[in-house]
Amino acid sequence: MDADKNAATRPSMKIGELAKTANISTRLIRYYEEQGLIESTRAANGYREYDPVLVDRVWQIRGLLEASIPVKIIRDILPFLDDPCDIHVTEASPELIAALEEQHEQMDQRVHFLTRNRDAIAAYLESIRGARHL
DNA sequence: TTTCTTACA
DNA sequence: TGTAAGTA
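Mind the numbering: the first sequence is residues 1 to 134 in the UniProt record's numbering, read in order.
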């Protein structure tokens with residue numbers, strides 16, 4: 001079924017390939033790994049090998065990071081993102097829960113902030129377009 | 001050629 | 001984060 005373009009979930013992607021596929025630098029990939037955000041195995045020659053599913057994982061990490069979520073928290077919720085069914089919730093410490101609630105609240109505020117500005121810009125654009133037609 | 005580690009800007 | 005150096 002998959003002869004050439006489907007190496008779906010096999011631990012074999014070199015850092016350069018992952019970088020190109022996920023559109024991030026190899027430098028950042030190594031950095032995420034240093035921070036314990038992603039894992040990799042090592043080939044006999046010492047080269048890192050990545051599971052192709054990390055392409056998505058990297059995007060999730062970027063999103064979380066861009067939302068200013070601390071690496072410490074990302075580390076804790078990443079395993080949950082892997083299998084949402086896994087019951088990490090049961091062992092979530094009060095500290096983690098508190099941190100996540102705070103982050104959630106902050107994200108909510110950002111969403112409102114962005115929404116408001118987006119609408120303001122949309123309205124401004126509208127008025128400009130209208131004026132242009134005069 | 002690609003990747004690795006370490007380190008500086 | 002990018003980039004340089006010296007390897008494997």
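Positions of the beta carbon are idealized from the N, C-alpha and C atoms, including for glycine.
Small disclaimer: the values here were computed from a predicted structure and weren't measured.
Mapping DSSP to helix, strand and coil, what is residue i?
i	result
Glu49	strand
Apply the 10 Å Cβ neighbour rule to residue i and answer buried if 16 or more other Cβ atoms are within range, or exposed otherwise.
i	result
Glu126	exposed
Ser68	exposed
Ala19	buried
Ile29	buried
Looking only at DSSP bridge pairs, what is residue i linked to?
i	result
Thr26	According to DSSP, which records beta bridges pairwise, Thr26 is partnered with nothing at all.
Thr41	Glu49
Lys14	Glu49
Note the first and the last residue of the continuous alpha helix (DSSP H) segment covering residue i.
i	result
His112	94-132
Ile61	54-66
Pro70	Premise fails: Pro70 is in no alpha helix (DSSP H) and is neither H nor E.
Three or more C-beta pairs under 8 Å: does that hold for the stretch 43-61 against the stretch 15-35?
Result yes; three or more Cβ-Cβ pairs closer than 8 Å.
Determine contact between the stretch 9-18 and the stretch 43-55, defined as no fewer than three beta-carbon pairs at a distance below 8 Å.
The answer is yes - the stretch 43-55 touches the stretch 9-18, with three or more Cβ pairs under 8 Å.
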